[in-house]
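Working notes, structure below.
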Amino acid sequence: MSLPSNFNNSCRKSPLDLFNDPTKPYINVCAPMVRYSKLPFRELVRGYNVDLAYTPMILAKEFKNSSVARDFDFSTSPTDSPLIIQFASNSPVELAKAAELVIGYVDGIDLNCGCPQKWALNEGIGANLMDKPELVKDMIRTIKEGKILLNIGVDFIAIHGRTRRQKSTSPIDLDTIRLCKESLQIPVIANGNVFSLEDANILCENTKVDGVMTARGILKNPALFAGYESTPWECVDRFIKLSLGLGTTHYIFHHHLMYMFEDFMSNAERKTFNTLTSIPAIVDYLGEHYGLQVD
176 MSLPSNFNNS CRKSPLDLFN DPTKPYINVC APMVRYSKLP FRELVRGYNV
226 DLAYTPMILA KEFKNSSVAR DFDFSTSPTD SPLIIQFASN SPVELAKAAE
276 LVIGYVDGID LNCGCPQKWA LNEGIGANLM DKPELVKDMI RTIKEGKILL
326 NIGVDFIAIH GRTRRQKSTS PIDLDTIRLC KESLQIPVIA NGNVFSLEDA
376 NILCENTKVD GVMTARGILK NPALFAGYES TPWECVDRFI KLSLGLGTTH
426 YIFHHHLMYM FEDFMSNAER KTFNTLTSIP AIVDYLGEHY GLQVD
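Residue numbers (the numbering used here): 176 to 470.
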């Protein structure tokens, strides 16, 4: 795992405290995204009113077994808090062992029970777990007992407002999200079709949830929760500098910028940008065409 030399566990914050803030009608959450919600992006969105951030979905078995996987999948910093790490697993033992490795470096552990991708279903993880409530219960109990906590229950839940078979373009089911919120005694975070601050406000208003989560919307516009209708240049500039300072891969760096520039680049410019095969080439291009300055 990539951890800074000045890491201080005393800097950690409890996600549960966020739900008790009387000044906020709901908390703003950056969703777990495969590959994309890594440290530079999390640090970026925290500067634009994100209250709680998740790591990418991480396979607990690989994380437990491989130091290479741990180094690639997980990094954090003293300011990266509150932070939830999301694991995908169907084994209480493997999940608990993976969780033990990050105790003290994250502020919560999330079990993915919703990923509908075919590979995840074939592995028996993600949305497959919706048909196995007893297994989910066992995994949660094992994690809780491993952390020597008194309560076995779930602390809060995030609900994606679609079924596993619905496309991401389908409308979300507001009635079901509202019913879940009314039926549960714990905080509920809602996810789906949030591409603007107005969308987040409407979702909260219609469901009375405690938090609003976004993935595709915040990829396209990391300043969404700060009320920006599109990605401001200052946000792009900060992302580039965070990525260069904290480390990233060309693939992730390139794709983040493709999302952010989606509404600004012409088709011809996008084709040129997509041919850039290294981080220095991308930085040079943005310097020449957008005035990017990197010290």
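Positions of the beta carbon are idealized from the N, C-alpha and C atoms, including for glycine.
- DSSP, reduced to helix, strand and coil, places ASP285 within a strand of the structure shown.
- Collapsing the DSSP output to three states places ASN396 in coil.
- Cβ atoms of PRO397 and LEU219 come within 8 Å of each other, at about 5 Å.
- For CYS379, the enclosing alpha helix (DSSP H) covers residues 372-382.
- Between the alpha carbons of THR198 and ASN381 lies a gap of roughly 19 Å.
- The beta carbon of ARG339 sits closer than 6 Å to the beta carbons of PRO291, ALA302 from its chain, once the five residues preceding and following it are set aside; these are given in chain order.
- For MET433, the enclosing alpha helix (DSSP H) covers residues 425-435.
- Counted as a single uninterrupted DSSP element, the alpha helix (DSSP H) harbouring ALA271 occupies residues 267-275.
- Between ILE259 and VAL225, the C-beta gap is not smaller than 8 Å, which leaves the two residues out of contact.
- Around the CB of ASN449, fewer than 16 other CB atoms lie within 10 Å, so the residue is classed as exposed.
- Three or more pairs of CB atoms, one per stretch, sit closer than 8 Å, so the segment 201-216 contacts the segment 386-396.
- For ALA302, DSSP records no beta bridge to any residue.
- Under the three-state reduction of DSSP output, THR351 falls in the helix class.
- Ranked by how close their Cα comes to the Cα of GLY336, the residues SER345, ASP330, VAL329 have SER345 in first place.
- For ILE332, the uninterrupted beta strand (DSSP E) run begins and ends at 332-335, by DSSP.
- The beta-bridge partner set that DSSP reports for TYR223 is empty.
- C-alpha of LEU286 to C-alpha of MET435: approximately 29 Å in a straight line.
- Here the segment 425-432 does not lie against the segment 368-379, with fewer than 3 beta-carbon pairs under 8 Å apart.
- Secondary structure at THR317: helix, using DSSP grouped into helix, strand and coil.
- Distance between ARG413 and GLU309, taken at the CA atoms: about 44 Å.
- Cβ atoms of ILE415 and ASP385 stay farther apart than 8 Å, at about 34 Å.
- Within the same chain, and ignoring the five residues on either side of PRO200 in sequence, the residues whose Cβ sits closer than 7 Å to its Cβ are CYS379.
- Looking at the DSSP output, GLY386 bridges to ILE202, ILE364.
- Counting along the chain, no alpha helix (DSSP H) covers PHE262; the unbroken beta strand (DSSP E) around it starts and ends at 258-263.
- Around the C-beta of ASN195, fewer than 16 other C-beta atoms lie within 10 Å, and the residue is accordingly described as exposed.
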